[in-house]
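For reference, the structure is listed below as structure tokens.
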Amino acid sequence: MKKLLTVLLALLILVGMTACSGKKGGDDAADVVIFQNENVRKAMIYAIDRDTLVKSLNDGSIAAEGIIPWKLAANPVSGADFREDQGSLVGYDVDKAKEYFAKACEELGKDTLTINLLYGTNEGDSVIKAAEQVAYYLEEVGFEVNLVAKQKKERLALMTDGDYDVALTRWGPDYADPQTYMDLFVSTNTSNNSGRYNSAEYDANVAAAEATTDMAERWQYFLAAERNLVADDAADIPVFQAGGAMIIRPGVTGIQFHSAAVDNYRHVAGKEAVTLVTNTDIIYLDNQVATDGTSFIADTMFMAGLTELEEGGNWKLDLAESYEVNDDATVYTFKIRDDAYWVTKDGDVYAPVTAYDFEFAWNRLVSEELASEYGWWLDTMSVESWKAVDDKTFEVTLTAPSGIFMGCLAFPSTFPINEEFLTAQGDQYATSADTVLACGPFILDSWTPGYSYEFKKNDMYYFASDYVADGGADKVVFRVLEDTQTALMEYEAGNIDTVILSGEQVDANKNVDGYVDRLQGYLFYLSVNINHYGE
Amino acid sequence: MRKYIIKRVLISLATLFVILLVLFILMDLMPGTPFNDEKLTEAQKTLLYAKYGLDRPLLTRFFLYAKNMLKGDLGVSYAINKNFAVSDMVKDRLGISIAVGGMAMLIGTVFGLILGILAALNHNSWIDNLCSAISVIGVSVPSYVCALLLCYFIAYRLGWLPILYNVEQPFISLILPAIALSVSPTANIARFTRSEMIDVLNSDYILLVQSKGVRNWKMIITHVLRNALIPVITVMGPILVNLLTGSSVIEKIFGIPGIGRLMITAIQENDYNVTIACAFVYSVMYIVMMLFVDILYGIIDPRIRITKEEK
Amino acid sequence: MSMYDHEFQSNDFEFAHAAGEKLIDRNYSATSYAKDVWNNFKKNKGALVGAVIILIIVIMALIGPSMNEFTYKQIHGGQECLVPRIPGLEKLGIADGWHNGVDQYAEKGAKDVYYWFGSDTQGRDIWTRVWSGTRVSLIIALAAVLVDIVIGMVYGLVSGYFGGMVDSVMQRFAEILNGIPTLVIVTLLGMVLPAGITSIIFALMLTGWIGMERIARAQVLKVKEQEFVLASRTLGASKFRLIFSEILPNILGQVIVTSMFSIPNAIFLEAYLSFLGLGVPAPMASLGSLVSDGYKSMTTFPHILIIPVVVMAVLMLCFNLFADGLRDAFDPKMLNK
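Chains as they are written, first to last, in the numbering used here: chain S, 83 to 617; chain X, 4 to 314; chain U, 6 to 342.
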């Protein structure tokens, strides 16, 4: 009997412990009002030593200086980078941070200020490291920080519901313009402005920038808006801009990285068959439903749009042979190439690419049934209407002149789709290499989900012959590899031609021939839930 | 015996049905939705919910899913490979995982039994200690560390085997992952075999057998092993299920498109149908294995067979 | 030949045993079971060594983190990935802070700093992190063993002993719980419970005991038909007494060995949970999370991985030696062998 009693007692203790800890967790929740205090946010902005933080990430990331990343957009007049014009809006200053912290404590009448810092655990090692570092720096100033680790989907759900204090989150630019960031924090944007930042001044600046046709003026409005957001209100706290370290085999050329657009692998050259590494698989081949970089890169390989982005981010015509624009720059008329074809997997011509394919695709993109995440893309480009005038003439009317319009046409969501083929495939469209048509420089030859996808040269594509002369690859294989250490061994063994490096591997490989240190467009920042509206 | 088997099979089917229902309810409780993305608006999410029928009540969805499952339709993926038939995704990857897991189990069983038997026969000698040390290190060093060590020395330095999985030479390139994966089952089986063997060796009937002058090896095979292996089989069942349903870390390290990785991604992405399918594959294997072990038990161990038949 | 024909020899009246060996009745003092166990345990050198090392590790887990000036979460910008450097030993050329022919400490401007076990990728002291991680892992492991024994063993005993309908229902329940992958259950728990050690223990509680339950049940099935149980039953022993005083001691050896195996399992499950963000909340460390962190630098800075792996392996080895000794000591059949 004694034994049974002991057993029962042990059980009771365990259950009791668990119950107590559950309660304790609830009490720890930070007082939400504190984030409305400007000094709390300012203390946070000055507390973080961003230079040391990126040094420990060690993957080519750089310290953020504002909410707009480097290399996103250039001054329309001088050509200077947005960051050069703005200068740094954040700085590391412990004394100042402590001062703000003391002021905040006084104003709020509290001794301790607790922050629950939400971050994602499956968003890359750099996010986990950054969250730990940010927590450390905030604690150094006097905050109490609880790290709340969640998976990405859950983190996003919590943010959408406003059920968080401070979250380490990121935004990847969709196009090369400050607007892609500035739109996030206007008070009317309920989808992205999770912290419910609400500043009349900021809203006015962004609205003015979007209304004006004077590009220089627009630039100034955006500069002012960023100052409102970061310097004046410290509403969102920039942390770092993501980098990417990799090794590209010497001799393999033509890979173009874009920090504010889809990387361009269409001109890979130097070897007959090139094997590239990707750390994620294609999610969806359908260019209008895809949302991730990997799928978009695949789309640009076997499909094409009216324009294409070149090295440096400038556009050039692709499937459009020529275009005309009216005097007030609101009506664009594109002439589609006569030698643009839809090609099946076997390399046979299915049909010519026509203006109707574009008209159909754009209609589909904005249709409700598709529920594309990029359904708003045409709005961003200021597109009002579009129509196919004849087989080869596509006309687009804009609401107002747009500096980003031509560049945005290189984005996969705007690529054409062959209606007949799509209807014939039904639900199966874009679920395998057999159920898509190619109209780009390559043909999707095979796709083994989770393993690899392979492209072969499309002989029907208009630049195919020039391409061969330039030493372009006949075959481009993307191998899905998630572990960077075995991938590096595989690279050194000569079986793959590129390898992505983790921060841990950079020091040892910095001096290897072919090491590339690129800057990505992703800007990581702390979203502060200012006007807490969640539970 | 036949009646018992039929009854056991029916019970197993009922268990599976309950598991499926529990899985469905758990999925419903999962935080977040498959359509949480930075760039998706609320209105679009509602539309997507309607499109995939996720706005219907739980039980309606469950019975529809169960009905479709009987037809071999496991729904479509929402987030990993959008609109892919889940049955195809699972089918392709399960084969590879079974191949790796099967090889690992084979290696694990052979080496585990050898180590365990050697240790038991030389109880309290240096061989015993060595075998124990090997099996302890086997369970205390994580499989991903072993995997990377194997990769580095055998594949990268010596070049004896390919570093990563390669569809063109599946057998050769799966040897390393299988060895890495077999470390922990080897250790577990060795430990278990050893302790069972020692028990049996110390029992009275072995004393009888010994005193009858039966030759050593014959005694070990016909008398000791047979009795010692019965409990070993019970632990081997779950180990085998775990191996066959894939190890996400090993798959990640060797670039294998297996089902373990798929399930982790599905859970992280809230891809309900894929998660349920992967989890259910695991459940089916587990229940079948339990059934198999129970029946095998009856065949090997006459005592159990007799008691079962009496009932 | 009749018996009378036998001629007695002189040696017929000597003991048949070897010369010099005398058979004297020995009187054994009545020793308690516990004392018996302790006496047997003491004889096993390996088990003693294991116990001593476990004790040392436990002490280190308690005092280790406060032995130098660092804390487990203190980040030293610019002093990342330093290799071990120990005062005294450095003069001998071991642990002197040199890596690939470079004095890392001089290079990173940390001439007067000593990281005894080196620093990790964020410039945190590994010594402090390893010992505070050991503390966390030990707590989790002990809880796991407790849960295994309390829930798993009792469940297995009851299920195995009663058999029939009770067994059937209990086994189906365990099967359903076990038929769902741990990860699915644990992810959900991660949402419901706040992050922390108690949540992990709770997760272990829900899923960890089933392995033990199966083994306990299998052992009961083996033992319950044996004669001594029958004897006790015919003497009118209650079911409770049969289960806990007749059957339990006979399966305890196996149970203890198995429960020792749930220690690494618990530590690994925790590491796996950390990997998914459901483990000990960062920046707190555990042996498991240190190993999975260190894995990332295995080919570049192996010391970050090797140190926690070695601590873990030594801990496991000692737990096993200890368990083995315990098993032999507990098993009445092993007495005096």
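No residue lacks a Cβ here, since even glycine has one placed at the ideal position from N, Cα and C.
Quick one: what does DSSP say residue i is sitting in, helix, strand or coil?
| i | result |
| --- | --- |
| N408 (chain S) | coil |
| Y543 (chain S) | coil |
| F606 (chain S) | strand |
| H226 (chain X) | helix |
| R129 (chain U) | coil |
| T196 (chain X) | helix |
| E226 (chain S) | strand |
| H308 (chain U) | helix |
| Q231 (chain U) | coil |
| D318 (chain S) | strand |
| W529 (chain S) | strand |
| G98 (chain S) | The predicted position of G98 (chain S) is uncertain, since its pLDDT is 45 and thus under 50; no value can be drawn from it. |
| S534 (chain S) | strand |
| V113 (chain X) | helix |
| S276 (chain S) | coil |
| Q79 (chain U) | coil |
Under the DSSP definition of a beta bridge, which residues are partnered with residue i?
| i | result |
| --- | --- |
| T415 (chain S) | S:E406 and S:E477 |
| G325 (chain S) | S:L601 |
| T248 (chain X) | For T248 (chain X), which the question treats as bridged, DSSP gives no partner whatsoever. |
| A470 (chain S) | S:F476 |
| K232 (chain S) | S:G202 |
| V431 (chain S) | S:V425 |
| I302 (chain X) | None, per the DSSP bridge assignment. |
| R134 (chain U) | None; R134 (chain U) has no bridge partner. |
| R252 (chain S) | S:F606 |
Looking only at C-alpha atoms, which of the options sits nearest to residue i?
| i | options | result |
| --- | --- | --- |
| D329 (chain U) | U:K47, U:L253 and U:K96 | U:K47 |
| L316 (chain X) | X:I267, X:S250 and X:T196 | Since the first residue of chain X shown is 4 and the last is 314, residue 316 (chain X) is not available in this structure. |
| M297 (chain S) | S:D565, S:I525, S:P483 and S:F497 | S:P483 |
| D247 (chain S) | S:T389, S:T481 and S:M126 | S:M126 |
| P89 (chain U) | U:F122, U:L193, U:T76 and U:A111 | U:F122 |
| V558 (chain S) | S:P494, S:Y604 and S:V334 | S:V334 |
| G47 (chain X) | S:A512, S:Y456, S:Y607 and S:Y597 | According to the sequence as given, residue 47 (chain X) is Gln; it is not Gly. Considering only alpha carbons, the answer is S:Y456. |
| A443 (chain S) | S:P498, S:F487, S:K539 and S:K353 | S:P498 |
| A223 (chain U) | U:P286, U:T187, U:L194 and U:M158 | U:M158 |
| G258 (chain X) | S:G326, S:I486, S:V371 and S:P531 | S:P531 |
| D131 (chain X) | X:L152, X:R194, X:P34 and X:V284 | X:R194 |
For residue i, count the other beta carbons within 10 Å of its own beta carbon; 16 or more makes it buried, fewer makes it exposed. Which is it?
| i | result |
| --- | --- |
| T36 (chain U) | exposed |
| Y38 (chain U) | exposed |
| D404 (chain S) | Contrary to the premise, residue 404 (chain S) reads as Ser rather than Asp in this sequence. By the neighbour-count rule (16 or more Cβ atoms within 10 Å), S404 (chain S) is not buried but exposed. |
| A276 (chain U) | buried |
| P269 (chain U) | buried |
| F5 (chain X) | The amino acid at residue 5 (chain X) is misidentified as Phe; the sequence shows Arg. Its Cβ having fewer than 16 others within 10 Å, R5 (chain X) is exposed. |
| Y110 (chain U) | buried |
| R165 (chain S) | buried |
| H340 (chain S) | buried |
Using a Cβ-based criterion (distance less than 7 Å to any ligand heavy atom), does residue i qualify as near the ligand FMN?
| i | result |
| --- | --- |
| Y456 (chain S) | Judged by which ligands are present, the structure shown has none, so any question about the ligand FMN falls away. |
When you compare the CB of residue i with every CB in chain A, is at least one pair closer than 8 Å?
| i | result |
| --- | --- |
| K137 (chain S) | Annotation note: the requested chain A is absent from the structure, which comprises protein chains S, X and U. |
task = May I ask you to list, following chain order, the residues of the region 238–258 of chain U that have a beta carbon less than 8 Å from some beta carbon of chain S?
result = F245 and F249
task = Would you list, in chain order, the members of the region 180–204 of chain U that have their beta-carbon closer than 7 Å to a beta-carbon of chain X?
result = E180, I181, N183, G184, I185, P186, L188, V189, T192, L193 and M196
task = Could you name the residues of the region 283–295 of chain X whose beta carbon sits closer than 7 Å to any beta carbon of chain U, in the order they occur along the chain?
result = Y285, S286, Y289, I290 and M293
ask   = Taking any Cβ of chain S, which residues in the region 50–74 of chain X have a Cβ under 8 Å from it, in chain order?
value = For the region 50–74 of chain X, which is checked against every Cβ of chain S, the residues closer than 8 Å are L50, L51 and K54.
task = Mind checking the region 121–144 of chain X against chain S and listing, in chain order, the residues whose C-beta falls within less than 8 Å of any C-beta there?
result = none
inquiry  = Against chain U, which members of the region 461–489 of chain S pass a CB distance test of less than 8 Å?
reply    = none
inquiry  = Can you pull out the residues from the region 119–132 of chain S whose beta carbon lies closer than 9 Å to at least one beta carbon of chain U?
reply    = D131
message = If the cut-off is 7 Å on Cβ atoms, which residues from the region 113–139 of chain U count as contacting chain S, listed in chain order?
response = T126, Q127 and G128
request  = With 9 Å as the limit, tell me which residues of the region 256–277 of chain X have their beta carbon closer than that to any beta carbon of chain U; keep them in chain order.
outcome  = M266, I267, I270 and Q271
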